[in-house]
Amino acid sequence: MGKLISMKQREANRRSAQRSTGPKTGAGKSIVKWNALKHGLLASAVVLPQEDRAEYERLWAGLVESLQPVGTLEALLVEDIATIYWRRRRAVRAEAAKIEMTMTSARLDVELSQTEIERDEAARDIVKLHCSVAGLQRLGEVFDDVAREIRQDGKLSDESVTWVERYWEWSDEDVDTMRGAKIVPDAAKTELFKSLLALIQAAQKEFRQQRKALEPQEAAIRNLRSAGAGILEDSTGETILRYEGAMDRKLHAAIAQLERLQRQRRGEIVAPAIHVDLTKTT
9 MGKLISMKQR EANRRSAQRS TGPKTGAGKS IVKWNALKHG LLASAVVLPQ
59 EDRAEYERLW AGLVESLQPV GTLEALLVED IATIYWRRRR AVRAEAAKIE
109 MTMTSARLDV ELSQTEIERD EAARDIVKLH CSVAGLQRLG EVFDDVAREI
159 RQDGKLSDES VTWVERYWEW SDEDVDTMRG AKIVPDAAKT ELFKSLLALI
209 QAAQKEFRQQ RKALEPQEAA IRNLRSAGAG ILEDSTGETI LRYEGAMDRK
259 LHAAIAQLER LQRQRRGEIV APAIHVDLTK TT
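Note that the working numbering gives residue 106 to position 98 of the sequence shown, counting from 1, and the numbers run on in steps of one.
Shown next as structure tokens:
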């Protein structure tokens with residue numbers, strides 16, 4: 009048996025129902041008017057699972073408020089415009105993602121070149137290290153360490169001796185003296201390291217000059233790579249651009265059709281539409 013409602017409660021419910029009249033503004037009424045279409049087949053089909061359905065519905069509602077469709081056909085055209093724009097935006101995002109992937113690849117190429125410099129350093133390939141700003145920078149650091157060992161330790165580590173032997177020619181006696189493996193008078197040792205420090209100083213000056221010459225060249229190459237990465241040249245890029253063009257044509261056609269319907273509804277004289285098939289060739 010249902011619960012009896014008192015006269016007082018019934019009167020309160022009636023007053024509440026009178027106050028719940030829904031949207032009061034013209035825009036609000038227009039949006040609510042087409043709720044059934046908003047949740048129809050087009051909206052369900054166009055929004056992918058990873059996309060924001062609420063964002064699409066905000067786009068649709070904004071178009072309804074702006075274009076003010078009257079009747080089912082105009083409302084369908086407005087939703088058609090929303091779906092076409094949504095699909096075109098997806099193509100733009102795909103284009104941006106493709107460019108980002110290309111630029112990431114270019115950055116990885118730069119990182120790979122740094123790895124190659126490290127391999128050259130491990131092999132002490134002086135010629136290759138001279139061919140890039142990073143390689144020259146590393147050579148400068150290496151010989152800074154050599155100079156520091158001379159001043160602090162009075163002898164060189166095996167690693168430093170190997171670098172020194174690669175860069176300049178020395179006698180076996182001089183190399184043993186640098187290592188501390190051969191006892192020589194202090195004056196001779198001092199003179200040997202003085203000569204080495206002078207060579208290092210001259211080499212560092214050469215490294216700086218070469219870096220200064222190479223830096224603008226490498227910057228220009230990086231800029232060219234970045235510029236090239238920002239242009240879609242492969243088949244994927246062409247497909248995206250063709251898709252964007254197709255969506256643009258669909259969008260313009262839908263807007264034109266809606267405008268014609270609205271002008272006709274207002275009683276304006278509308279010339280017959282001219283249809284041109286751009287897909288056919290002679």
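The C-beta atom is built at its ideal place from N, Cα and C for all residues, glycine as well. These numbers were taken from a predicted model, which means no experiment stands behind them.
Status (buried if at least 16 other CB within 10 Å, exposed otherwise) for residue i
i, result
"D194", "exposed"
"S74", "exposed"
"L56", "exposed"
"E108", "exposed"
"E82", "buried"
"L249", "exposed"
"G143", "buried"
"V278", "exposed"
"D161", "exposed"
"W94", "buried"
"T185", "buried"
"I92", "buried"
"T110", "buried"
"D182", "buried"
"V172", "buried"
"E276", "exposed"
Nearest candidate by alpha-carbon position, reference residue i, set the options
i, options, result
"E63", "V278, A90 and H260", "A90"
"R216", "D180, R146 and G253", "R146"
"G245", "A69, R66 and A99", "A99"
"E252", "A196, R101 and G79", "R101"
"K220", "R61, V183 and H138", "H138"
"E223", "V141, V54, K136 and L67", "V141"
"A189", "E177, S165 and W171", "S165"
"D256", "R96, I134 and E65", "R96"
"E177", "E149, A261, T198 and L207", "L207"
"Q218", "A254, L67, E103 and V135", "V135"
"A103", "T247, E276, L259 and I191", "Looking at the sequence shown, residue 103 is not Ala but Glu. Among T247, E276, L259 and I191, the Cα nearest to that of E103 is on T247."
"E149", "Q209, A53, R274 and E65", "Q209"
Endpoints, the alpha helix (DSSP H) within which residue i is located
i, result
"A69", "R61 to L75"
"Q58", "Counting along the chain, Q58 falls outside any alpha helix (DSSP H), and DSSP gives it neither H nor E."
"K348", "The question about residue 348 has no answer here: the residues shown for the chain are numbered 9 through 290."
"K178", "According to the sequence shown, residue 178 is Trp rather than Lys. Run containing W178: none; DSSP gives neither H nor E here."
"L144", "V141 to D161"
Cβ-based neighbour list, residue i, same chain, cut-off 8 angstroms, excluding 5 preceding and 5 following
i, result
"I263", "I89"
"L266", "L75, P77, E82, L85, V86 and I89"
"A211", "L147, F151 and Y175"
"E226", "S140 and V141"
"L259", "I89, I92, Y93 and R96"
Neighbourhood of residue i by C-beta distance below 6 angstroms, restricted to the same chain and skipping five residues each side
i, result
"S168", "V154 and E157"
"L269", "E82"
"P77", "A83 and V86"
"K163", "G188"
"Q272", "V278"
Own chain, CB closer than 7 angstroms to residue i, minus 5 neighbours either side, in chain order
i, result
"F201", "I158"
"L205", "A155 and I158"
"A228", "none"
Cutoff 9 angstroms: residue i Cβ touching any chain D Cβ
i, result
"P280", "No chain D appears in this structure, which consists of one protein chain only."
If you scan the stretch 204-270 from start to end, which runs of the beta strand (DSSP E) of 3 or more residues do you find wholly inside it?
none
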